[in-house]
Amino acid sequence: MNAQDKPRINVGMVNGFDPDDMDRLDPAMQDLIRRRRSLLGPAYRLMYADPVQISRALGTKMWDRDGKEYLDAYNNVVSVGHCNPHVVEAVHRQMQTLCTHTRYVQDGILEFAEQIVPTLGAPIEHVMFTCTGSEANDLALRIAMHQTGRKGIVITSEAYTGNSHLTAGLSPSLGRKSPLGQWVRRIPAPDSYRMEPSEIGAFLARQVRHEIDELERRGEGIAAFIADSLFSSDGIYAHPTDILQQIAEVVHAAGGVVIADEVQAGFGRSGDRLWGFQRHGQHPDIVTMGKPMGNGFPVAAVAVRSEVVERFGSEMRYFNTFGGNTVAIAAAQATFDVIRDDRLQENAARIGAMIQDGLREIAQEDGRIGDVRGAGLYIGVEFVKDRDGKEPDSATALAVVDGLRQRRVLISATGHHANTLKIRPPLVFSESDVDRLLTETRNTLAAI
1 MNAQDKPRIN VGMVNGFDPD DMDRLDPAMQ DLIRRRRSLL GPAYRLMYAD
51 PVQISRALGT KMWDRDGKEY LDAYNNVVSV GHCNPHVVEA VHRQMQTLCT
101 HTRYVQDGIL EFAEQIVPTL GAPIEHVMFT CTGSEANDLA LRIAMHQTGR
151 KGIVITSEAY TGNSHLTAGL SPSLGRKSPL GQWVRRIPAP DSYRMEPSEI
201 GAFLARQVRH EIDELERRGE GIAAFIADSL FSSDGIYAHP TDILQQIAEV
251 VHAAGGVVIA DEVQAGFGRS GDRLWGFQRH GQHPDIVTMG KPMGNGFPVA
301 AVAVRSEVVE RFGSEMRYFN TFGGNTVAIA AAQATFDVIR DDRLQENAAR
351 IGAMIQDGLR EIAQEDGRIG DVRGAGLYIG VEFVKDRDGK EPDSATALAV
401 VDGLRQRRVL ISATGHHANT LKIRPPLVFS ESDVDRLLTE TRNTLAAI
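So for the sequence shown, the UniProt record's numbering puts the first residue at 1; every next one is plus one.
As structure tokens, this is what we get:
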């Protein structure tokens, strides 16, 4: 495949299937896609030019209806691996015992909270449970707005914070036709490939100060700054790690709340810390978590500093019918146990380093790769048209994603130009998985 023959994609979705391009698919797949579109509607999207039909999964492997095996190097939500037996058993046992909400006194939720809160460090003291990361970010922003009495929110240029009405309004990565909120302001991504790394933190702090000034000039002010510490949707920027604390100081000086979005960066994924914000020496007021907390079971959370939630808790209230229900907490506890007992944070660091080392070896032989970056098991590979000009090359990046899919290795792409491979496998990724990923990457690049 030539890079210019890239797969057609849906507007607003990187690596998306074009439903008007079905003629080359087998009749059974065409029938499934037509049924899906008829029953689920046009808003649902499929990945890859040639969609994948998955019937079962275990660990880092997935199988289609014909029994063909795929290597999952993409799905971070199943943080401790697909169908992890410890999580499955815990959920099954609790489902047989009790599944109810948080308005009754229960031991499990308290025991889990006692374990998770200390890992976040001061000044975090409380944790509130939701079903999804979108709900967690939505609640965090509501708390920030209530605490400050303001609405202004500052985000990075391609942020993704969720699918609720509020969070979609500060998720520019959803596409140009997805409107941003009236009081949302954006700062550039910390592009360590094109900017001097030692200057990025101070530069972005100045950008935040500028956007706060603009909000104040328009009769508003800063309610919150929210960022994913791996800048996942911006293109994956794991270094330098002195950015977020410099921004936090500016936000706090203006009376705003600092929110660390750990939906993708948390639970040991970065390898060197349990939480991504800790890599930056940041002390956020609120930390949000998503479904990786329960290995894909609908459980997420907002952890918060006492002073920030005090007014909200006394003047409002929070209730989520099944956020933090007994089965969800069992899933979260079992997942957390596996992360700690199986030393998956350490595995993320070791295996992630192997992947980056292998990709850099490939890059030495292939000038289309401009940069390899990441932390732990969240890795980006940026493609450029030439290394001197550093012009983004989305065609080649998407061709690699599609070529790997044809070789039954699943990844995706990210960033404003969709020119950066997004590699974020389950934390149980192994050395043999690394070998397969690197081998098929070489084979794919040779074929393009």
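Yeah, the Cβ is synthetic: ideal placement off N, Cα and C, and Gly gets one too.
Query	Result
CA-to-CA distance, GLY276 to ARG269, given in whole angstroms	8 Å
Local Cβ density within 10 Å of ARG217, reported as buried at 16 or more and exposed below that	exposed
Sub-8 Å separation of HIS82 and ALA57 beta-carbons	yes
Given GLY152 as reference, the closest of VAL251, ALA260, ASN320 and ASP371 once Cα atoms are compared	VAL251
Exposed unless 16 or more other CB atoms sit within 10 angstroms - verdict on GLY149	exposed
Close-in-space but distant-in-sequence residues of the same chain around SER232 (CB under 6 Å, 5 per side omitted)	GLN264
Proximity of PRO425 and LEU377 at Cβ, strictly below 8 Å	yes
Distance between beta carbons of ILE329 and ILE143, contact taken as under 8 Å	Going by Cβ atoms, the distance from ILE143 to ILE329 rounds to 21 Å, so no, they are not a contact pair.
Helix, strand or coil at LEU129 [DSSP, three-state]	It is Phe, not Leu, that sits at residue 129 in the sequence shown. Residue state, collapsed to three classes: strand.
Cβ-Cβ distance between VAL78 and GLY415 below 8 Å	no
Nearest to ALA189 (by Cα), restricted to the options ALA73, ASP64 and LEU204	LEU204
Where ARG56 falls: helix, strand or coil (DSSP)	strand
Validate contact between the segment 160–170 and the segment 124–142 using beta carbons, cut 8 Å, 3 pairs	yes
Status (buried if at least 16 other CB within 10 Å, exposed otherwise) for HIS283	buried
Straight-line gap, PHE17 to ARG34 (C-alpha atoms, nearest Å)	13 Å
Residue range of the unbroken beta strand (DSSP E) whose run includes LEU120	Where LEU120 is concerned, there is no enclosing beta strand (DSSP E), although the alpha helix (DSSP H) it sits in stretches over 107–120.
Inter-residue Cα distance where the pair is SER432 and PRO179	43 Å
Straight-line gap, ASP342 to ASN443 (C-alpha atoms, nearest Å)	32 Å
From PHE129, TYR70 and ILE339, residue whose alpha carbon lies closest to that of VAL80	ILE339
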